[in-house]
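*Asks:* Numbering-wise, the sequence shown is residues 160 to 689 according to our numbering.
The structure follows.
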Amino acid sequence: PDFLSFFGGKRFVPIATGFFCLVLAAIFGYVWPPVQHGIHAGGEWIVSAGALGSGIFGFINRLLIPTGLHQVLNTIAWFQIGEFTNAAGTVFHGDINRFYAGDGTAGMFMSGFFPIMMFGLPGAALAMYFAAPKERRPMVGGMLLSVAITAFLTGVTEPLEFLFMFLAPLLYLLHAILTGISLFVATLLGIHAGFSFSAGAIDYVLMYNLPAASNNVWMLLVMGVVFFIIYFLLFSAVIRMFNLKTPGREDKVDEMVTEEANSNTEEGLTQLATSYIAAVGGTDNLKAIDACITRLRLTVNDSARVNDAACKRLGASGVVKLNKQTIQVIVGAKAESIGDEMKKVVARGPVAAASADAAHVATPAPAAKPQAVPNAVTIAELVSPITGEVVALDQVPDEAFASKAVGDGVAVKPTDKTVVSPAAGTIVKIFNTNHAFCLETEKGAEIVVHMGIDTVALNGQGFKRLVEEGAEVTAGQPVLELDLDFLNANARSMISPVVCSNSDDFSALVIKADGHVVAGKTPLYEIKSK
């Protein structure tokens, strides 16, 4: 009715949400206690089960990685289970806290990860390298080496695991089983080791002589060598036995790289857009096309019909399947122009789906890379584009950013309204909804500043543009202005990634900021030349 019309539309959403939250709170007040008791009982059982319990924890931990829910399990094991009181009478809970407080019995949920992350997964990477055809090994070798070194040094395994998690689920199941076995054996041998971040070589060295570390932590290295061999032999055999499509073993295509395929030309852009439509299953599978500053946001009939490998051959750095009908194709700063061209192509007529062995796939000509500077000098020093709190990129609630498919960098949760340029350069792109922009520095670094997550859906509300595309800007010069009250109330999240979309062209990205940062003043990160 008219007298309630003021509360219609967007205003109705928070009102309805508040009402249903009250209803859910009442329901869960009765429903959740038994669930919580079940979680508690499960945790107690895992602890009482000893080696078997730690093995089950390791197995489930890896299985939950694709959903991100492993962090829920980690929180219980590492910060809640167990109790230790030090000499001062302070009580510590959880495997990590107890270990670093000096509890020599802690570590059953950490020790067994060291052989897997430092040795097992690098062994898997080596197996995938040798499983690739010889002519493709140089192409995949650099990628596999970098993610293997990352796993070994830091214990960050997701970049390596995501290379085969969806391409070869059987391998990932074997990986989860082997992880469980490693934790089982480590607990059985009475090895007590811990980490503050993850089970990489850096944490291993730092914790080696800590009071809580057992005298036999060196045995983790012996276990590591054994698991390296197991992973290498098992992955090699299974990949060949089942012809799994690990990196470098994708279906071959006779790629035609032509001048027309260069997306900088109108004809090349049309050809590229047509190829993307074919790669996602053709017009029969494509329901809606939208784009953000770095990705195509597509609604399809069936995401299983999307050819991930074909998308990557076209230049996409990743494909994120949010559900059966929603996908995102990470294509970089040209996403909007490709999306607009895809709409034009669809309007002109049907496009067939690409077959697995389709010939003549249009591939964009590679962009010129910046010249390498000797001795890895700093080619760009970025300041924070917004005042707020720093958030690690892997904590961004968006898989494409968190997995670094869009590029490497960091994020900031804003507390002020002014967004400035993080470096001197050219504003090569401001998205038409003003929620994101792309800056190119003098040395060729492409910096994407994306204010919030899924803020493209706000259609420009809450954002005000202060400069235009093509503008030359200095570090600290205002680019956007935010209506933070509106955005905090309506955006899915205002955590804002600041990434270098062509970070692979450079040798390193060094994070400088932590905690509170000030727009235009606090150093955010440095980009090093090759």
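Just so it is clear, CB atoms sit at the ideal spot from N, CA and C, and this is done for glycine as well.
Just to confirm the assignment: which complete alpha helix (DSSP H) runs, minimum length 4, are found wholly within the segment 169 to 253?
*Replies:* Runs of the alpha helix (DSSP H) inside the segment 169 to 253: 171 to 207, 210 to 222, 229 to 238.
*Asks:* Could you check whether the segment 423 to 432 touches the segment 500 to 514, counting it as contact only if at least three pairs of C-beta atoms, one from each stretch, sit closer than 8 Å?
*Replies:* Judged by Cβ distances under 8 Å, the segment 423 to 432 makes contact with the segment 500 to 514, as three or more pairs qualify.
*Asks:* Taking the alpha-carbon positions, what's the Ser562 to Phe323 distance?
*Replies:* Near 14 Å, if we compare the C-alpha coordinates of Phe323 and Ser562.
*Asks:* Comparing alpha-carbon positions, which option in Phe187, Gly271, Thr681 lies nearest Glu548?
*Replies:* Closest option to Glu548, Cα to Cα, is Thr681.
*Asks:* Leaving out five residues before and five after Gly441 in sequence, what residues of the same chain have Cβ atoms less than 8 Å from its Cβ?
*Replies:* Excluding positions up to five away in sequence, the list reads Pro509, Val510, Ala511, Ala512, Ala513.
*Asks:* Could you name the residues of the same chain whose beta carbon sits closer than 8 Å to that of Phe321, not counting the 5 residues immediately before and after it, in chain order?
*Replies:* Answer for Phe321: Ser562, listed in chain order.
*Asks:* Which of the three DSSP states is assigned to Val608 in this structure?
*Replies:* Val608: strand per DSSP, three-state reduction.
*Asks:* Could you pull out every residue in the same chain whose Cβ sits closer than 8 Å to the Cβ of Ile198, ignoring the five residues on either side in sequence?
*Replies:* Closer than 8 Å at Cβ, skipping near neighbours: Ile235.
*Asks:* Please report the straight-line C-alpha distance between Ala630 and Phe238, rounded to a whole angstrom.
*Replies:* Looking at the two C-alpha atoms, the distance is approximately 49 Å.
*Asks:* Taking Ala624 as the reference, give the member of Phe391, Met298, Lys576, Ile224 with the closest Cα.
*Replies:* Correcting the residue type first, residue 624 is Arg in the shown sequence and not Ala. Checking every option, the nearest Cα to that of Arg624 belongs to Lys576.
*Asks:* Does DSSP classify His470 as helix, strand or coil?
*Replies:* Note on residue identity: the sequence assigns Cys, not His, to residue 470. If DSSP states are grouped into helix, strand and coil, Cys470 belongs with the helices.
*Asks:* Beta carbon of Met653, beta carbon of Pro573: below 8 Å?
*Replies:* Cβ distance < 8 Å, so Met653 and Pro573 count as in contact.
*Asks:* Going by the beta-carbon positions, is the gap between Leu392 and Leu541 smaller than 8 Å?
*Replies:* Taking 8 Å as the Cβ cut-off, Leu392 and Leu541 do not qualify as a contacting pair.
*Asks:* According to DSSP, simplified to helix, strand and coil, what is Thr585?
*Replies:* It is a strand residue.
*Asks:* Using a 10 Å radius around the Cβ and a threshold of 16 neighbouring Cβ atoms, would you call Asp254 buried or exposed?
*Replies:* Classification for Asp254: buried.
*Asks:* What three-state label does DSSP hand Ile670 in the structure shown?
*Replies:* In the structure shown, Ile670 sits in a strand (DSSP, three-state: E or B).
*Asks:* List the whole-angstrom C-beta distance separating Tyr288 from Leu337, where the pair is believed to meet the contact cut-off of C-beta under 8 Å.
*Replies:* Contact doesn't hold; Cβ gap of about 19 Å is too wide.
*Asks:* If you run the structure through DSSP and keep just helix, strand and coil, what is Val690?
*Replies:* Here the chain covers residues 160 to 689 and nothing more, so residue 690 does not appear.
*Asks:* Which word fits Thr453, buried or exposed, when buried means at least 16 other C-beta atoms lie within 10 angstroms of its C-beta?
*Replies:* Result: buried.
*Asks:* Quick check: the Cα distance between Thr309 and Gly619, rounded to an integer number of angstroms?
*Replies:* Distance between the alpha carbons of Thr309 and Gly619: 39 Å.
*Asks:* Which whole runs of the alpha helix (DSSP H) in the segment 455 to 501 are 4 residues long or more, in chain order?
*Replies:* Those alpha helix (DSSP H) runs which fall completely within the segment 455 to 501 and span 4+ residues are 467 to 472.
*Asks:* Would a C-beta distance cut-off of 8 Å place Phe258 and Ser213 closer than the cut-off?
*Replies:* It is not a contact, given that the beta carbons lie outside the stated cut-off.
*Asks:* Among residues of its own chain, excluding the 5 on either side of Pro525, which ones have a beta-carbon nearer than 7 Å to its beta-carbon?
*Replies:* Since pLDDT at Pro525 reaches only 45, below the 50 mark, its modelled position is unreliable, and the value read off the structure follows with that caveat. Within the same chain, Pro525 has no close Cβ partners at all.
*Asks:* List the whole-angstrom C-beta distance separating Val727 from Gly584, where the pair is believed to meet the contact cut-off of C-beta under 8 Å.
*Replies:* Nothing in the structure corresponds to residue 727, since the chain is present only between 160 and 689.
*Asks:* Output the boundary residues of the beta strand (DSSP E) element that contains Thr577.
*Replies:* Run containing Thr577: 577 to 579, per the beta strand (DSSP E) assignment.
*Asks:* Which first and last residues belong to the beta strand (DSSP E) in which Asp567 is found?
*Replies:* Asp567 -> beta strand (DSSP E) spans 567 to 573.
*Asks:* Which residues share a DSSP beta bridge with Val550?
*Replies:* Its beta-bridge partners are Ala570.
*Asks:* Can you have a look at Asp644 and say buried or exposed, based on whether 16 or more other CB atoms are within 10 angstroms of its CB?
*Replies:* By the 10 Å Cβ count, Asp644 comes out exposed.
*Asks:* Could you tell me whether the segment 263 to 281 touches the segment 290 to 298, where touching means 3 or more Cβ pairs closer than 8 Å?
*Replies:* Judged by Cβ distances under 8 Å, the segment 263 to 281 makes no contact with the segment 290 to 298, as fewer than three pairs qualify.
*Asks:* Considering only their Cβ atoms, is the gap separating His609 from Ser655 smaller than 8 Å?
*Replies:* Taking 8 Å as the Cβ cut-off, Ser655 and His609 qualify as a contacting pair.
*Asks:* Assuming Leu641 is part of the beta strand (DSSP E), what are its boundary residues?
*Replies:* Per DSSP, Leu641 belongs to the beta strand (DSSP E) from 637 to 641.
*Asks:* Closest to Val315 by CA distance: which of Val677, Pro328, Ile350, Ile361 is it?
*Replies:* Cα-wise, what sits closest to Val315 is Ile361.
*Asks:* Report yes if the C-beta distance between Ala559 and Gln487 is below 8 Å; otherwise report no.
*Replies:* A contact, by the Cβ cut-off of 8 Å.
*Asks:* Tell me whether Glu426 sits in a helix, a strand or coil according to DSSP, three-state version.
*Replies:* Reduced to three states, the DSSP call for Glu426 is helix.
*Asks:* Tell me whether Asp557 sits in a helix, a strand or coil according to DSSP, three-state version.
*Replies:* DSSP places Asp557 in coil when its eight states are reduced to three.
*Asks:* Considering only residues of the same chain and omitting the five flanking positions on each side of Asp461, which have a CB-CB separation below 8 Å?
*Replies:* Hits under 8 Å: Gly440, Asn444, Lys483, Gln484.
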